[in-house]
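Using my numbering, you'd call the opening residue of the sequence shown number 7 and step up by one each time. Since the structure comes first, as structure tokens, the remarks are kept for the end.
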Amino acid sequence: AEKAAIEDARYVFPNACATKIVVTMNARELMNFFSHRCCMRAQWEIRDLADDMLKEVKKVAPNLFLVSGPSCVSGRCSEGAMTCGKPVEIRNKYLSL
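Here it is in structure tokens:
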């Protein structure tokens, strides 16, 4: 909870200190990004962005990104003891995007 509070602390600033991000990634880099940033352990804001990005790339290359998302979608959770404990729910969510 403390980590989440620190990450969200910038919202006390005027206009929530909007941040613009520009990235260039190939398919391999996108898959790696999704495996880390779609995870329930990722900060909510970057997770929402990653989810939106995944929806968009699935429109363009659905077969390539079929099992993209957090690591538990295509295999085992990489978080170890820090897992969210919801692999079936998470897998179903990302396979239905």
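Where a beta carbon is used, it is the ideal one built from N, C-alpha and C, also for glycine.
**Request:** Check whether the Cβ of residue 24 sits closer than 8 Å to any heavy atom of the ligand ATP, and report yes or no.
**Result:** The model on display carries no ligand, and the ligand ATP is accordingly not part of it.
**Item:** Collapsed DSSP secondary structure at residue 38 in the structure displayed
**Value:** For the purposes of this step, residue 38 is taken as residue 32 along the sequence shown, with counting starting at 1. Residue 38: helix per DSSP, three-state reduction.
**Prompt:** Taking only runs of the alpha helix (DSSP H) that begin and end inside the stretch 73-100, which ones reach a length of at least 4 residues, in chain order?
**Reply:** 77-80
**Prompt:** Do residue 55 and residue 63 come within 9 Å of each other at the CB atom, strictly closer than that value?
**Reply:** Taking the sequence shown and counting its residues from 1, the one referred to as residue 63 is at position 57. Taking the sequence shown and counting its residues from 1, the one referred to as residue 55 is at position 49. The answer is no: Cβ separation not under 9 Å.
**Prompt:** How is the alpha helix (DSSP H) around residue 59 delimited, first residue to last?
**Reply:** Taking the first residue of the sequence shown as position 1, residue 59 is located at position 53. First-last of the alpha helix (DSSP H) with residue 59: 50-66.
**Item:** DSSP state of residue 15 mapped onto helix, strand, coil
**Value:** On the sequence shown, residue 15 is found 9 positions in, with the first residue counted as 1. Residue 15: helix per DSSP, three-state reduction.
**Message:** Mapping the DSSP letters down to three states, classify residue 24 as helix, strand or coil.
**Reply:** Residue 24 sits at position 18 when you count from the first residue of the sequence shown. In the structure shown, residue 24 sits in coil (DSSP, three-state: anything other than H, G, I, E or B).
**Item:** Three-state secondary structure assigned by DSSP to residue 47
**Value:** In the sequence shown, counting from the first residue as 1, residue 47 sits at position 41. Here residue 47 sits in coil by DSSP.
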